[in-house]
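Comments concern the structure below.
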Amino acid sequence: AAPDSGGGNLGIEDVTAALRWVRTNAAAFGGDPGRVTLVGHDTGAAIVNLLLLSPSSRGLFRRVVLLSGTALSPWATIHNGDSLRVTVGQQMGCLPSESPPEDLDIASCLRSRPLQALLDVRLEKVRFMPRIAPSLPVDPDSADPAYAMEHASDTFIVSEVMLGTTTTESYADFSASDIQYGFEEDQRNRVLRTYVRNAYVYHLNEIFSAVRNEYTDWDKPIQHPINIRDSTMEALSDGHTVSPLIRVAYLHARRGAKTYFFHFGYQTKESEYPQRLGSVRGEDLTYILGLPLVGGQPFFPQNFSRQDAGVAEAMLNFLANFAKSGDPNDAGTKAGTTHREAPDYGTPREKTRYKGLTWEPYEIGNQYYLSITSKPKMKSHYRGHKMAVWLNLIPQLHQPGEEDVSMRHHHFHEREPHYYSGTVRAESFTRLPPPLHPSTATDSRTTRGDGTECIPNTTSEDDLLIIDGDDDELDQESEELLQRLATRHYYSYTAALGVTVGVGCLLLVLNMLIFAGIYYQRERDRKRQHQTRLHHPRSNTTMSTETIPMSQRPSTPGSSARQSPIVSKKEKPHELPPSYTIVSNSPTFEDCPTIQRGKQGKPPP
1 AAPDSGGGNL GIEDVTAALR WVRTNAAAFG GDPGRVTLVG HDTGAAIVNL LLLSPSSRGL
61 FRRVVLLSGT ALSPWATIHN GDSLRVTVGQ QMGCLPSESP PEDLDIASCL RSRPLQALLD
121 VRLEKVRFMP RIAPSLPVDP DSADPAYAME HASDTFIVSE VMLGTTTTES YADFSASDIQ
181 YGFEEDQRNR VLRTYVRNAY VYHLNEIFSA VRNEYTDWDK PIQHPINIRD STMEALSDGH
241 TVSPLIRVAY LHARRGAKTY FFHFGYQTKE SEYPQRLGSV RGEDLTYILG LPLVGGQPFF
301 PQNFSRQDAG VAEAMLNFLA NFAKSGDPND AGTKAGTTHR EAPDYGTPRE KTRYKGLTWE
361 PYEIGNQYYL SITSKPKMKS HYRGHKMAVW LNLIPQLHQP GEEDVSMRHH HFHEREPHYY
421 SGTVRAESFT RLPPPLHPST ATDSRTTRGD GTECIPNTTS EDDLLIIDGD DDELDQESEE
481 LLQRLATRHY YSYTAALGVT VGVGCLLLVL NMLIFAGIYY QRERDRKRQH QTRLHHPRSN
541 TTMSTETIPM SQRPSTPGSS ARQSPIVSKK EKPHELPPSY TIVSNSPTFE DCPTIQRGKQ
601 GKPPP
């Protein structure tokens with residue numbers, strides 16, 4: 001970086017200088033300076049995103065890959081660069097401890113101090129927020145990142161973008177005890193309240209309630225500590241990493257730019273993280289770098305399976321194709337060049353599940369993304385309902401309101417330290433400044449002596465209306481497009497519910513018809529049997545015990561001489577089918593002849 005740069009962000013200027021060197025010397029190493037691809041992970045992804053929006057880096061690279069981070073994440077940038085300057089200047093002896101001047105450039109003083117003195121500077125660690133990060137604006141010609149992407153700056157839409165995330169992006173935000181044993185709802189509330197206070201300014205109570213309600217399983221009145229841990233991790237992951245990634249992908253794709261999104265959910269069996277949490281931030285780097293293909297030595301000495309090697313090979317092919325042509329599905333060989341087969345790393349390509357899989361681009365309608373798991377497949381609307389909370393509901397809640405609304409109205413009702421988990425920043429009693437536009441960013445910087453300092457923006461509302469004549473239309477369009485995140489999944493749920501109810505009603509009607517048919521058939525058979533018995537009371541077609549002839553029944557005293565009127569003495573009794581069993585009945589009074597008791601003796605033979 002230039003030695004006379006006093007505006008900060010020298011780290012980004014160093015990266016820009018390195019990219020200029022690559023553009024100048026890439027051809028000497030057999031590279032193509034017109035096809036440079038930047039890959040950033042975590043804070044590196046935030047820096048790559050800022051370079052993507054900076055006019056000073058135009059033409060230095062062609063494509064970018066953002067992994068687990070963007071410039072829209074709350075931990076990516078700082079908005080209080082002046083307070084950081086005062087803290088460092090006072091501890092380094094470059095500013096007085098009381099009433100430090102606002103227009104004093106301390107760059108030359110800091111350069112004169114030893115490196116160890118700079119490393120010994122103590123900065124307050126606000127949980128979920130960075131201590132040192134790029135300050136906005138990155139350079140005089142850059143706008144606020146959110147403003148630049150919402151209004152589709154040229155440097156933003158001309159590049160192809162690939163974005164990726166893992167399942168749990170907030171693993172490092174918790175202690176080992178919290179991860180192993182979980183925690184109760186009170187601790188969950190303290191963690192979420194701390195994040196909301198440090199990441200937002202307006203309507204903190206409403207935002208906290210929205211997040212807590214969304215990530216609470218109301219079907220279970222008693223929550224297990226492990227389940228509470230999982231939902232809290234998911235809330236923080238979605239809040240500070242996943243939702244900014246989805247927003248960048250959405251803003252980039254709505255102008256027709258090539259955008260690809262993936263969720264890395266694969267986890268090796270030898271992982272050091274709990275399988276319950278899924279993939280953890282950083283686990284995708286192992287496969288993007290191809291370490292399972294070379295045994296992982298020396299930095300990742302664990303044993304990798306053949307399935308791990310297959311996932312790594314697929315990731316390398318996707319990234320290589322994207323770097324060559326901007327399409328992860330095509331190697332992008334130019335006409336007239338010799339086609340080279342993909343290198344064989346020893347994995348069974350004919351058995352890999354990635355063979356024949358087409359990675360569809362991310363578009364505002366379908367929002368396709370590649371789910372990289374043991375069974376990879378294309379899906380749509382990654383965490384659709386929860387993303388709608390972060391991208392649609394919370395931005396509507398995070399509004400200052402009318403001018404007469406006091407800032408005390410936006411603060412938490414709970415102000416005591418025991419309501420929070422970790423250090424929180426001081427309550428703000430001033431409203432946030434408006435987003436920096438490219439022109440206002442240039443006007444708000446003035447040179448004083450040998451350095452450059454920021455002064456408040458004094459641009460009038462009339463000037464803003466002249467500069468941003470189409471802002472209202474663009475903002476309305478942006479709001480309508482972002483609302484699709486909140487409404488599209490409701491349509492799919494409503495359609496599924498309608499189909500389910502319709503099929504259920506159809507099955508109910510069918511069952512009722514079947515029941516009515518069976519009931520009607522049984523009633524008709526019963527009436528027919530009743531009529532048959534009335535017309536043929538002595539019919540021997542019904543082989544029941546009630547219609548068995550008297551000759552078939554055992555004789556009783558006084559009735560041996562009486563024969564059945566149907567069967568004579570010489571006739572053999574009617575033989576029953578062998579499948580029937582004759583049950584003997586006890587003689588009844590009706591079966592026995594009338595016997596006069598008294599003088600008569602034995603009955604006549």
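Okay, so the sequence shown: first residue is 1 according to UniProt numbering, each after it adds one. A virtual CB, placed ideally from N, CA and C, is assigned to each residue, including glycine. On a predicted model such as this, the values are computed, not experimentally measured, just so you know.
| request: Could you tell me which residues DSSP pairs with Y369 in its beta bridges? | output: Taking the sequence shown and counting its residues from 1, one reaches residue 369 at position 369. Partner(s): K379.
| field | Where Y147 falls: helix, strand or coil (DSSP) | value | Residue 147 sits at position 147 when you count from the first residue of the sequence shown. Three-state DSSP puts Y147 in a helix.
| task | Report all residues from its chain with a CB closer than 6 Å to the CB of residue 608; omit the five preceding and five following residues, and keep chain order. | result | Since the displayed the chain opens at 1 and closes at 605, residue 608 lies outside it and no answer follows.
| said: Within 8 Å, do at least three Cβ pairs link the segment 274–287 to the segment 193–210? | reply: These segments do not touch.
| query | With T165 and S68 assumed to form a contact (beta carbons below 8 Å), what rounded beta-carbon distance in angstroms separates them? | reply | Here residue 165 is taken as the residue at index 165 of the sequence shown, counted from 1. Here residue 68 is taken as the residue at index 68 of the sequence shown, counted from 1. Rounded to whole angstroms, the Cβ separation of T165 and S68 is 6 Å, and the two are in contact under 8 Å.
| said: 8 Å is my cut-off, CB to CB: does R281 come that close to chain C? | reply: Checking the listed chains, one finds no chain C in this structure; it contains a single protein chain.
| said: Within the continuous alpha helix (DSSP H) that includes F156, where are the two ends? | reply: Sequence index remark: in the sequence shown, residue 156 carries index 156 (1-based). Its alpha helix (DSSP H) spans residues 154–157.
| query | Quick one: what's H263 bridged to in DSSP? | reply | For the purposes of this step, residue 263 is taken as residue 263 along the sequence shown, with counting starting at 1. Note: H263 is bridge-paired with T165, S371 in the DSSP secondary-structure output.
| request: Look at the alpha carbon of S380 and the alpha carbon of L393, and state the distance between them as a whole number of angstroms. | output: Looking up residue 380 in the sequence shown gives position 380. Looking up residue 393 in the sequence shown gives position 393. In this structure, the alpha-carbon of S380 lies about 21 Å from that of L393.
| How many angstroms separate the CA atom of Y171 from the CA atom of G11? | Along the sequence shown, read from residue 1 onward, the residue named residue 171 stands at position 171. Along the sequence shown, read from residue 1 onward, the residue named residue 11 stands at position 11. The straight-line gap from Cα to Cα measures roughly 27 Å.
| query | Relative to the alpha-carbon of N9, which residue among S135, V65, N80, A28 has its alpha-carbon at the smallest distance? | reply | Position 9 of the sequence shown holds residue 9. Nearest Cα to N9 within the set S135, V65, N80, A28: S135.
| field | Sequence-distant residues of the same chain with beta carbon closer than 7 Å to F183, five excluded per side | value | Stepping through the sequence shown from its first residue, residue 183 is reached at position 183. Correct list, in chain order: P225, I228, R229.
| request: In angstroms with no decimal places, state the Cα-to-Cα distance between L95 and P101. | output: Here residue 95 is taken as the residue at index 95 of the sequence shown, counted from 1. Here residue 101 is taken as the residue at index 101 of the sequence shown, counted from 1. About 8 Å.
| message | Just to check my reading of the structure: V280 and T168 have Cβ atoms closer than 8 Å, yes? What is that Cβ distance to the nearest angstrom? | response | Within the sequence shown, numbered from 1, the residue matching residue 280 stands at position 280. Within the sequence shown, numbered from 1, the residue matching residue 168 stands at position 168. Rounded, the Cβ-Cβ distance is 5 Å, consistent with contact.
| task | Report the rounded CA-to-CA distance for I222 versus E360, giving the unit in angstroms. | result | Within the sequence shown, numbered from 1, the residue matching residue 222 stands at position 222. Within the sequence shown, numbered from 1, the residue matching residue 360 stands at position 360. C-alpha separation (whole angstroms): 42 Å.
| Buried versus exposed, by CB contacts within 10 Å (16 or more), I57 | Along the sequence shown, one-based indexing puts residue 57 at 57. The sequence shown places Ser at residue 57, rather than the Ile named in the question. S57 comes out buried.
| Using the C-alpha atoms, what's the distance from S406 back to T241? | Within the sequence shown, residue 241 is the residue found at index 241, counting from 1. Within the sequence shown, residue 406 is the residue found at index 406, counting from 1. Note on geometry: alpha-carbon atoms of T241 and S406 lie some 31 Å from one another.
| Helix, strand or coil at T532 [DSSP, three-state] | Your numbering for residue 532 matches position 532 in the sequence shown. In the three-state reduction of the DSSP assignment, T532 falls in the helix class.
| Whole-angstrom distance between A323 and V248, CA atom to CA atom | The residue you call residue 248 lines up with position 248 of the sequence shown. The residue you call residue 323 lines up with position 323 of the sequence shown. The straight-line gap from Cα to Cα measures roughly 20 Å.
| query | Which value, in whole angstroms, describes the spacing of the CA atoms of I106 and N49? | reply | By 1-based counting over the sequence shown, the position of residue 106 is 106. By 1-based counting over the sequence shown, the position of residue 49 is 49. Approximately 28 Å between the Cα atoms of the pair.
| What's the C-alpha gap between R415 and L432? | Numbered from 1 along the sequence shown, position 415 holds the residue referred to as residue 415. Numbered from 1 along the sequence shown, position 432 holds the residue referred to as residue 432. About 21 Å.
| Three-state secondary structure (DSSP) at T37? | Residue 37 sits at position 37 when you count from the first residue of the sequence shown. In the structure shown, T37 falls within a strand segment according to DSSP collapsed to helix, strand and coil.
| field | Helix, strand or coil at V389 [DSSP, three-state] | value | Taking the sequence shown and counting its residues from 1, the one referred to as residue 389 is at position 389. Residue state, collapsed to three classes: helix.
| DSSP beta-bridge partners for S421? | Residue 421 sits at position 421 when you count from the first residue of the sequence shown. Answer by DSSP bridge pairing: none, since S421 is not bridged.
| query | Roughly how many angstroms lie between the CA atoms of R127 and A495, to the nearest whole one? | reply | As a first step, residue 127 is located in the sequence shown; it is residue number 127 there, counting from the start. As a first step, residue 495 is located in the sequence shown; it is residue number 495 there, counting from the start. So the alpha carbons of these two residues sit roughly 42 Å apart.
| said: According to DSSP, simplified to helix, strand and coil, what is E185? | reply: Numbered from its first residue, the sequence shown carries residue 185 at position 185. Of the three classes helix, strand and coil, the one that applies to E185 here is helix, per DSSP.
| said: Restricting to runs no shorter than 4 residues, where is the alpha helix (DSSP H) found entirely within the segment 69–115? | reply: For secondary structure counted as the alpha helix (DSSP H) over 4 or more consecutive residues, the segment 69–115 holds these complete runs in sequence order: 81–91, 107–112.
| message | Give me, in chain order, the residues of the same chain whose beta-carbon lies closer than 7 Å to that of V191; leave out the 5 immediate sequence neighbours on both sides. | response | As a working mapping, residue 191 is identified with position 191 in the sequence shown. Counting only residues of its own chain and dropping the five nearest sequence neighbours on each side, V191 has a CB closer than 7 Å to the CB of T232, S421.
| message | For V86, tell me which candidate among A117, W75, L123 has the shortest Cα-Cα distance. | response | Here residue 86 is taken as the residue at index 86 of the sequence shown, counted from 1. Out of A117, W75, L123, L123 has the C-alpha closest to the C-alpha of V86.
| query | Looking at the unbroken alpha helix (DSSP H) that takes in V311, where does it start and where does it end? | reply | As a position in the sequence shown, residue 311 is number 311, starting the count at 1. Where V311 is concerned, the enclosing alpha helix (DSSP H) stretches over 306–325.
| Is the Cβ-Cβ distance between P130 and L72 less than 8 Å? | Numbered from its first residue, the sequence shown carries residue 130 at position 130. Numbered from its first residue, the sequence shown carries residue 72 at position 72. No; because the gap between Cβ atoms is not below 8 Å, this pair is not in contact.
| Cβ of L370 within 8 Å of Cβ of S243? | In the sequence shown, residue 370 corresponds to position 370, counting from 1. In the sequence shown, residue 243 corresponds to position 243, counting from 1. Note that the C-beta distance between L370 and S243 is not below 8 Å.
| query | Per the contact definition of three or more C-beta pairs closer than 8 Å, is the segment 173–181 in contact with the segment 282–298? | reply | Cβ pair count under 8 Å is below three, so no.
| field | Whole-angstrom distance between L236 and K386, CA atom to CA atom | value | Taking the sequence shown and counting its residues from 1, one reaches residue 386 at position 386. Taking the sequence shown and counting its residues from 1, one reaches residue 236 at position 236. If I take the Cα positions, the gap works out to 12 Å.
| said: Can you list, in chain order, the residues of its chain with a C-beta nearer than 6 Å to that of A312? Leave out the 5 residues immediately preceding and following it. | reply: Start at 1 with the first residue of the sequence shown, and residue 312 comes out as number 312. Non-local beta-carbon contacts of A312 in its own chain, meaning distances under 6 Å to residues more than five positions away in sequence, involve Y287, G290, P292, L293 in chain order.
| task | Just grab the DSSP bridge partners of R63 for me. | result | On the sequence shown, position 63 is the one that residue 63 refers to. Answer by DSSP bridge pairing, in chain order: T37, E160.
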